[in-house]
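Visitor: First the structure, then my questions, so here it is.
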Amino acid sequence: MSVDALEETTGPTRRYRHRRTIDRQRSSLGTTQLGIGLSVSGVILVVYAAIRFVGSVHHYPRPLLSVVAWLLLTAAIASTFLLLRRSAFHLSDRLFVALLIQLVVVAALDLASVWSRDAVGVYPTAAAAVGGVLLAVVTLRPVRDIAAATVVLGLMLVGSILTVTRTQTATLGAELLFAAVAVVPPLIACAIVSQYRRIVRLELDRVMVASTVASVRDALGFFDSEELVTLDLEAEELFVGVADGSVDLPLSPELAARASRLATELRRHLMSEGKESWLEHAFQESSVLSDRATLRDPERLATYLATDQRDGLLSAVWLLLGEADAQSARAVLTLGPVDRSERPGRSGALVIPIVLEAVGVQRAKVDPAVWEALGRVGSSTDTYQKSRIRIEIDSTVDNPAAGQRKGERQ
């Protein structure tokens, strides 16, 4: 199978897909400490805007509107904070929408209070403080929600600045700069949080699949073991029900269908037992590799690799795809065919040819750790053309057949 054929694959099985969906919905994963820092930054931005308001309130064309805006903003912040404390700082959709509505009203009132050709050196402080509120809650919502709200705030500020007729055009730069103070920090925070969450998800995925490296040849994968435990529990409940008389014989159509399903699943596990290598389990269980990588190892040659070689090979593939900028990056890893004759110069050695072919990966942006990891697998050569990279590895392992012949001679 070539890399181009990856687009035609059917994708991961249902049991792996639903687990990745759960992982993608955990928008607040590991961002508690980061959220505290961003919240403090948001408070500082709000306080700065409040100080500017107090110092220039007597210059406002319509100060009453701005005062109302600040009172509404204070009430919105206080009520949202109290509700967040009651819900263990979970910003639900309903609460977030309510907060956004209040912030839009605050920004509109504040912009109306300063929208005048005679308002020289007067800035929409409450509207700028809205940016501080968005900055404070950036870790409590998906990044796209905060980014969209920040863009809307920026459009409101810039639109207000550009549509007013000025007696002095020299104030335009200062007004745009003040608008940037309100909009740029939340956008930077969105970029930081998005990258941080991506790093955390990748590292958690890497830790999970690394457990397969030390498994024996015929070990079950993590999800296979979990599924077997679930099937065993269901079968035990059914048998206990029959034994204590709570389930009548013959079985009802519903229970008969359930028993048939359990038998089918157990037969499937028995038939597949020992047919999947540790590398296949790693590919299936990884949210990074399952969608974007294909393994071709019909002879299960990956089981012959030593622990350090396994870790190097898995790390190289994972880093190559996990660190790629484009989500369209794809890879095919092929092991074999192998020449089973003994390697001259080393008794009982077997050379496994490994080919790693990837598309959508730029050679200059490949993590240097990829080459260090491949060095633990064996000697390698690489070729690059356009956005396609091909790495050929010769991995030397102990020949099981040679060890068996040696034992027979003894």
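Counting from 3, one number per residue, gives the positions in the sequence shown under my numbering.
C-beta: ideal position from N, C-alpha, C; glycine also.
On the three-state DSSP scale, how would you describe residue 75?
Guide: helix
Visitor: How big is the Cα-Cα spacing for residue 11 and residue 97?
Guide: Unreliable placement is indicated for residue 11, whose pLDDT of 42 sits below 50; no coordinate value is reported for it.
Visitor: In whole angstroms, give me the CA-to-CA distance for residue 147 and residue 127.
Guide: 23 Å
Visitor: With a 10 Å radius around its C-beta and 16 neighbouring C-beta atoms as the bar for buried, classify residue 27 as buried or exposed.
Guide: With a pLDDT of only 43 at residue 27, under 50, the local geometry of the prediction cannot be trusted, and the value read off the model is given with reservation. When all chains shown are included, residue 27 counts as exposed.
Visitor: Go ahead and label residue 53 buried or exposed: buried means 16 or more other beta carbons lie within 10 angstroms of its beta carbon, across all protein chains shown.
Guide: exposed
Visitor: Hey, would you say residue 297 sits closer than 8 Å to residue 335, going by beta carbons?
Guide: yes
Visitor: For a minimum of 4 consecutive residues, which ranges assigned as the alpha helix (DSSP H) are wholly contained in the stretch 277-344?
Guide: 280-287, 291-294, 309-324
Visitor: Considering just the uninterrupted stretch of the beta strand (DSSP E) at residue 352, what are its terminal residues?
Guide: 351-361
Visitor: Would a C-beta distance cut-off of 8 Å place residue 322 and residue 368 closer than the cut-off?
Guide: yes
Visitor: Counting beta carbon pairs with one atom in the stretch 70-86 and one in the stretch 158-166, are three or more of them shorter than 8 Å?
Guide: no
Visitor: Measure the alpha-carbon distance for residue 74 versus residue 130 and round it to whole angstroms.
Guide: 14 Å
Visitor: Taking the alpha carbon of residue 286 as the point to measure from, which residue in 262, 211, 385 has its own alpha carbon closest?
Guide: 211
Visitor: By the three-class DSSP mapping on this structure, what secondary structure does residue 390 have?
Guide: strand
Visitor: Looking at C-alpha atoms only, which residue of 69, 86, 139 is the closest neighbour of residue 38?
Guide: The shortest Cα separation from residue 38 among 69, 86, 139 belongs to 139.
Visitor: Strictly by DSSP, which residues pair up with residue 395?
Guide: 356, 382
Visitor: Do residue 389 and residue 364 have their beta-carbon atoms positioned less than 8 Å apart in this structure?
Guide: Taking 8 Å as the cut-off, the Cβ atoms of residue 364 and residue 389 count as close.
Visitor: Could you pull out every residue in the same chain whose Cβ sits closer than 6 Å to the Cβ of residue 115, ignoring the five residues on either side in sequence?
Guide: 62, 64, 67, 68
Visitor: Among all the DSSP beta bridges, which residues are the ones paired with residue 400?
Guide: 351
Visitor: Could you spell out where the alpha helix (DSSP H) holding residue 157 opens and where it closes?
Guide: 145-165
Visitor: According to DSSP, is residue 93 helix, strand or coil?
Guide: coil
Visitor: I need the boundaries of the alpha helix (DSSP H) containing residue 34, first residue and last residue.
Guide: Run containing residue 34: 34-58, per the alpha helix (DSSP H) assignment.
Visitor: For the putative contact between residue 70 and residue 111, defined by C-beta atoms under 8 Å, what is the C-beta separation to the nearest angstrom?
Guide: 6 Å
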